[in-house]
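Novice:
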Amino acid sequence: MVMDCEICGQPIQGRPVKLRVAGAVVLSCKNCSDLGERVHERRQSSISTRKKQIHSRRESSSPPHHQTRKPPYHGAPRKNRTRKPSRFRLVENFDTIVREARGDMPQEDFAQSLNEKNSLIQKIETGKIRPTHQLARKIEKQYHVTLLEKVEEAEELDDLEWKSKKKDSFVPTLGDFIKKND
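Converting from the sequence shown to my numbering requires adding 269 to each position, the first position being numbered 1.
#1: Could you compute how far the alpha carbon of I276 sits from the alpha carbon of H309?
#2: With distances taken between CB atoms, is the gap from S388 to Q411 smaller than 8 Å?
#3: Taking one C-beta from the stretch 365-382 and one from the stretch 404-418 each time, how about it: are there three or more such pairs within less than 8 Å?
#4: Out of P346, A380, T401, L288, point me to the one whose CA is closest to R358's CA.
#5: Under three-state DSSP, which class holds A293?
#6: How many whole angstroms separate the CB atoms of G278 and T442, which I take to be in contact at a CB cut-off of 8 Å?
#7: Rounded to whole angstroms, what's the CA-CA distance from G344 to N384? Just pull it up for me.
#8: Taking DSSP as the reference, what is the three-state secondary structure of E369?
#9: Measure how close the beta-carbons of R284 and G305 come, nearest whole angstrom, since I'm counting them as under 8 Å.
#10: Looking only at DSSP bridge pairs, what is E306 linked to?
#11: Rounded to the nearest angstrom, what separates C301 and P340 at their Cα positions?
#12: Determine the DSSP secondary structure at K397, reduced to helix, strand or coil.
#13: Please indicate yes or no: does the CB of S382 lie closer than 7 Å to some heavy atom of the ligand MG?
#14: Can you tell me whether I398 is buried or exposed? The criterion is at least 16 other CB atoms within 10 Å of its CB, across all chains shown.
#15: Mapping DSSP to helix, strand and coil, what is R358?
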């Protein structure tokens, strides 16, 4: 099975190199291995044997009447949720739009109508913090204003330089998005 480099897109000759590039772990060829920090994984077997050793020590050292205790509950396992890149962007003058949407209504009543804290609304109106996507949607629906504008994909990719000479069949790889710190 031939793997492709996740940075340059070329087929990997030999063994792939595992790198951390901009926070993401990728498999790369040897040519691209200098673009990130090498990731070394611990062997799973050594970790599991350590756990077994610790567990066996606990069982042998505790008296039999203590073994009836329930193990501590650590909550439900967390789901890995990957965020989708937002296709919407908060408008620049969101603070004035929120202030105008409130009109003559006191901030306390406005905050209560949105089920939010008054201090949060104050900070949004002064521009100190930006409302979350969810709160912006709530304000838009309830007060018929526009706080989020659609972002075109071309706007997001404007500042990228394409390294490929073949413009017709070009498929961007992670290497096209990496900014080198030379």
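Don't be surprised by glycine CBs; every beta carbon is placed ideally from N, CA and C.
The structure presented is a predicted model; accordingly, all values stated were derived computationally and were not measured.
Specialist: On the basis of the supplied data:
#1: 18 Å
#2: no
#3: yes
#4: T401
#5: strand
#6: The C-beta separation of G278 from T442 comes to about 4 Å, placing the pair in contact by the 8 Å criterion.
#7: 28 Å
#8: helix
#9: About 16 Å; that fails the 8 Å criterion.
#10: R289
#11: 47 Å
#12: It is coil, neither helix nor strand.
#13: Judged by which ligands are present, the structure shown has none, so any question about the ligand MG falls away.
#14: exposed
#15: Residue state for R358 is assigned as strand, using DSSP reduced to three classes.
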